[in-house]
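Participant:
There are 2 protein chains.
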Amino acid sequence: MTIDVGARLRGVRTSFGLSQRELARRAGVTNGLISLIEQNRVSPSVSSLKKVLDGVPMSLAEFFTLDLSIAPQAFFGTDELVELGNEAVSLRLVAAKRPGRQLTILQERYAAGAATGEEMLAHRGEEGGVVVRGRIELMVGGTTRVLGPGEAYYFSSQLPHRFRNVGREVCEIISASTPATF
Amino acid sequence: MTIDVGARLRGVRTSFGLSQRELARRAGVTNGLISLIEQNRVSPSVSSLKKVLDGVPMSLAEFFTLDLSIAPQAFFGTDELVELGNEAVSLRLVAAKRPGRQLTILQERYAAGAATGEEMLAHRGEEGGVVVRGRIELMVGGTTRVLGPGEAYYFSSQLPHRFRNVGREVCEIISASTPATF
DNA sequence: CCTTCTTGTCTAGAATATTAAACGCTATGA
DNA sequence: TCATAGCGTTTAATATTCTAGACAAGAAGG
């Protein structure tokens with residue numbers, strides 16, 4: 202059972218969005234060394250591996266404890282968003298299957314005249330979003346306002362709130378809330 | 202913050218009771234390398250450190266995760282056993298202060314005629330022991346027997362039980378029970 | 001006193017890791 | 001099209017690790 206230090210390092214580096222040269226600069230080693238290590242052409246000394254990881258930064262214990270198999274999905278295609286809504290109001294959830302998720306991020310689409318219901322909503326947490334397309338009437342804590350593209354909202358979810366599309370076209374919103382309710 | 206790979210390795214090796222040569226033989230490296238690593242005269246390559254640890258055996262993750270500061274006390278002098286009993290029955294506990302301890306190991310001394318009480322004892326777990334000196338009358342689940350030096354017992358602690366020194370001299374027992382009650 | 005065994009350390013040379021610099025590639029923009 | 005800049009890779013030279021073997025010190029037994 203080998204460790205594949207190279208794959209581990211490459212995984213760490215790329216997941217931090219660093220190039221070999223950038224990591225090398227931060228770590229005080231050469232880019233060539235990073236390349237050789239990642240290809241398993243050399244087995245780095247503990248000291249140089251530590252130098253490299255210091256550039257991330259990450260400890261040796263974390264590095265060797267890393268479980269690459271649970272690298273969570275980071276990108277989701279249109280058809281990978283999970284539909285939670287109905288005909289009038291489409292709610293498409295990002296990272297639906299991710300365990301322990303802290304955020305609920307939704308792509309919301311309201312048909313003309315559609316609303317989140319007759320009742321006001323109220324629950325724990327906070328939520329916010331940005332209108333992408335169309336116009337939405339948002340009632341929060343007794344105040345009402347119509348938001349258009351580029352406008353946004355953010356409020357404590359404990360305040361009673363309600364969304365309603367008062368326009369004639371579809372309204373699209375990208376929203377986020379925490380803690381994760383779905 | 203340095204890692205002191207040398208001290209870690211030396212700690213691991215000695216705690217497994219291995220000499221440098223013996224570990225080297227098992228790991229397929231030379232004893233000199235072990236010596237140099239332990240003195241921090243070299244920083245081993247990950248591959249050779251892995252070879253060395255394979256000889257223990259221990260994983261790299263375990264090695265770097267090791268917390269040497271919580272090396273628990275392994276030996277206890279006579280005066281380091283904690284007295285839990287009374288004049289008639291002395292109960293001296295091994296490793297009393299160890300957190301998360303699973304076992305209660307006692308050196309028990311019963312004065313002539315002493316007993317664990319008039320009532321029968323009954324509690325969760327299992328217990329056993331060996332008589333070292335003197336004679337003890339042990340009642341377990343309605344059965345009674347007198348045990349002498351070298352004789353032993355083991356039973357489910359749920360069975361009602363009682364110890365009584367029926368001899369004229371002190372009786373000494375070494376006992377163990379789980380889970381730890383004291 | 002020896003001899004023999006084991007321990008950890010040290011050293012010269014062989015093997016390997018690391019550097020510095022170049023290479024080939026792709027993308028971006030003038 | 002040419003230049004520029006970024007990317008990962010490769011190579012030759014250098015620095016370090018690693019091996020094989022010798023050394024000194026301590027313990028056990030004759």
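For the record, the sequence lines run as chains D and F. Per my numbering, the first sequence starts with residue 202, numbered consecutively. Per my numbering, the second sequence starts with residue 202, numbered consecutively. Ideal Cβ positions, reconstructed from N, Cα and C, are used throughout, including at glycine.
1) According to DSSP, Leu294 (chain F) sits in a beta bridge with which residue or residues?
2) For Ser220 (chain D), tell me which candidate among D:Gly256, D:Phe264, D:Ser291, D:Asn287 has the shortest Cα-Cα distance.
3) For the stretch 249-264 of chain D, which residues have a beta carbon sitting closer than 9 Å to at least one beta carbon of chain F?
4) Going by DSSP in three states, Val331 (chain D) sits in which element: helix, strand or coil?
5) Can you tell me the Cβ-Cβ gap for Ala313 (chain F) and Gly349 (chain F), rounded? I've got them flagged as a contact below 8 Å.
6) What is the DSSP secondary structure of Ser246 (chain D), reduced to helix, strand or coil?
7) Do Val371 (chain D) and Arg310 (chain D) have their beta-carbon atoms positioned less than 8 Å apart in this structure?
8) For Thr344 (chain F), list the residues DSSP reports as bridge partners.
9) Comparing the C-beta of Val206 (chain F) with each C-beta of chain D, is any distance below 8 Å?
10) What's the call for Asn366 (chain D), buried or exposed, on a 16-neighbour Cβ count within 10 Å?
11) Give the single residue among D:Val206, D:Val230, D:Val332 whose Cα lies nearest to the Cα of Ser376 (chain D).
12) From the DSSP output, read off the bridge partner residues of Leu322 (chain F).
13) Buried or exposed, going by whether 16 or more other CB atoms sit within 10 Å of the CB of Ala323 (chain F)?
14) Beta-carbon within less than 8 Å of Thr231 (chain F)'s beta-carbon, same chain only, minus the 5 sequence neighbours each way: which residues are those?
15) Taking 8 Å as the threshold, find out whether the stretch 231-242 of chain D comes into contact with the stretch 207-221 of chain D through three or more Cβ pairs.
16) When you check each C-beta in the stretch 218-247 of chain F against every C-beta of chain D, which residues fall closer than 7 Å?
17) What in chain D is Cβ-close to Thr266 (chain F), meaning under 7 Å?
18) Classify Ile204 (chain F) as helix, strand or coil using the three-state DSSP reduction.
19) Kindly indicate the opening and closing residues of the alpha helix (DSSP H) around Ala377 (chain D).
20) What residues are listed by DSSP as bridge partners for Ala225 (chain F)?
21) CB-CB under 7 Å to Gly335 (chain F), same chain, minus the five flanking residues each way: which ones, in chain order?
22) In terms of residues, what are the limits of the alpha helix (DSSP H) holding Glu288 (chain D)?
23) If I'm right that Phe240 (chain F) touches Gly212 (chain F) with Cβ under 8 Å, what's the distance once you round it to whole angstroms?
24) Is it buried or exposed, Gln274 (chain D), if we count other Cβ atoms within 10 angstroms and call 16 or more buried?
Facilitator: If we stick to the structure as given:
1) Beta-bridge pairing links Leu294 (chain F) to F:Val283, F:Leu307.
2) D:Gly256
3) Listed in sequence order: Ser249, Leu250, Lys251, Ser260, Leu261, Ala262, Glu263, Phe264.
4) If DSSP states are grouped into helix, strand and coil, Val331 (chain D) belongs with the strands.
5) Actually they are not in contact, since the Cβ atoms of Ala313 (chain F) and Gly349 (chain F) sit about 15 Å apart, beyond 8 Å.
6) strand
7) A Cβ-Cβ contact shorter than 8 Å links Arg310 (chain D) with Val371 (chain D).
8) F:Val341, per the DSSP bridge assignment.
9) Closer than 8 Å: yes.
10) Answer is buried; the Cβ neighbour count reaches 16.
11) D:Val332
12) As DSSP reads the structure, Leu322 (chain F) sits in a beta bridge with F:His362.
13) exposed
14) Ala225
15) yes
16) Ser244, Pro245, Ser246, Val247
17) Those are Ala262, Thr266, listed as they occur along chain D.
18) coil
19) Looking at the DSSP string, Ala377 (chain D) is not in any alpha helix (DSSP H); the run it does join, the beta strand (DSSP E), is 372-379.
20) DSSP lists no beta-bridge partner residue for Ala225 (chain F).
21) If you ignore the 5 residues before and after Gly335 (chain F), its C-beta comes within less than 7 Å of the C-beta of Asn366, Gly368, Glu370, Val371, Cys372, Glu373, all in its own chain and listed in chain order.
22) Judged by DSSP secondary structure, Glu288 (chain D) falls outside any alpha helix (DSSP H); it is assigned neither H nor E.
23) Looking at the sequence provided, one finds Gln at residue 240 (chain F) rather than Phe. Wrong, their Cβ atoms sit about 14 Å apart, outside the cutoff.
24) Reliability of the predicted coordinates at Gln274 (chain D) is poor, the pLDDT of 46 falling under 50, and the value obtained from them is presented with this limitation in mind. Flag for Gln274 (chain D) reads exposed.
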